[in-house]
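Residue numbers (full-length UniProt numbering): 1 to 121.
Heads up, the beta-carbon is just placed ideally off N, CA and C, and yes, glycines get one too.
Values in this document were obtained by computation on a predicted structure and should not be read as measured data.
Here the structure is laid out as C-alpha cells; the discussion comes afterwards.
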Amino acid sequence: MEQNNFYNKHLKPFARSLRSDATKAGIRLWCEVLSKGKTGYGFLRQRPIGNYIADFMCKELKLIIEVDGYSHNFKTVEDQERDEVLSNLGFTVLRFTDEEVMKDLSNVERTIRAFVADSQV
Numbered sequence: 001m002e003q004n005n006f007y008n009k010h011l012k013p014f015a016r017s018l019r020s021d022a023t024k025a026g027i028r029l030w031c032e033v034l035s036k037g038k039t040g041y042g043f044l045r046q047r048p049i050g051n052y053i054a055d056f057m058c059k060e061l062k063l064i065i066e067v068d069g070y071s072h073n074f075k076t077v078e079d080q081e082r083d084e085v086l087s088n089l090g091f092t093v094l095r096f097t098d099e100e101v102m103k104d105l106s107n108v109e110r111t112i113r114a115f116v117a118d119s120q121v
C-alpha cells in the first residue's frame, strides 16, 4: 500500500464498487486510451484522493482525468470546488463528457497526449 498525503484508504471499498460499475464512456476511455501504459504512463481507475474518487489518476504526471455523465450538468459548483481541492494537492484535472468520449474519442486522446507531451518538456 502506497503512503502519501492524498490517498484516502477509507474510500477504497467505494472505489472498488465504482470500478465494477463503470460507465460505457469510462470503459471506452480506459480500454482504448489509458490502460496498459498506452500513453507511456500508468493510470489507475477509480482512485481515492483526498475526499474524492478520481475516475483515472496518473501519480507520476499528477494528472486526474474525469469523465462526466449527465448528472454533472447540475454539479458545476461542486466540480469546480473538487477541481480546486485536487489542484491544491498538486494535480491537474482534465474533464471530458461522456458524449465527448463516445463520439469524439480521437480529440479526447489528442488532448490527453498533448498534456503528456507537455509534461515531458
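Is it true that the segment 88-97 meets the segment 54-72, where meeting means three or more beta-carbon pairs spaced less than 8 Å apart? Contact between the segment 88-97 and the segment 54-72 is present, because at least three Cβ pairs lie under 8 Å.
Counting along the chain, where does the beta strand (DSSP E) carrying residue 93 start and finish? Position 93 of the sequence shown, counting from 1, holds the residue named residue 93. From DSSP, the beta strand (DSSP E) with residue 93 extends over 92-97.
Top-ranked residue by Cα proximity to residue 138, from 6, 105, 112, 116: Residue 138 is absent from the model: the chain starts at 1 and stops at 121.
Between residue 52 and the rest of its own chain, which residues show a CB-CB distance below 6 Å, the 5 nearest in sequence each way excluded? The sequence position of residue 52 within the sequence shown is 52, counting from 1. The answer, listed in chain order, is 82.
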